[in-house]
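Structure record follows, encoded as structure tokens.
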Amino acid sequence: MTFDEEPIRVVKRSLDDMSIQELKERIEALKSDIAACEQMIAKKEATRKAAEAAFFKS
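First residue of the sequence shown? That's 48 in the numbering used here, and the numbers climb one at a time after it.
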């Protein structure tokens, strides 16, 4: 397993204990995290593609 493949540990919180407002705020925070993850994936894929083009020319 490489560094990029190591699982991320998430602290679980009971959704039952959260108010509606807290749940809405959590959803927005998660959406933001998802967008950041998608941007990082795109960046890493571009880096990998550039490296493959430079080192594995056919």
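Heads up, the beta-carbon is just placed ideally off N, CA and C, and yes, glycines get one too.
Problem - Enclosing alpha helix (DSSP H) for methionine 65 [first to last residue] - result: Careful: methionine 65 lies outside any alpha helix (DSSP H) and carries neither H nor E.
Exercise for the section: Please look up how many angstroms separate the CB atoms of leucine 70 and leucine 62, rounded, as I've assumed it's under 8 Å. Expected result: 7 Å
Problem - Under the three-state DSSP convention, the category phenylalanine 102 falls into - result: helix
Problem - Whole-Å CB distance - methionine 65 paired with arginine 73, under 8 Å assumed - result: 7 Å
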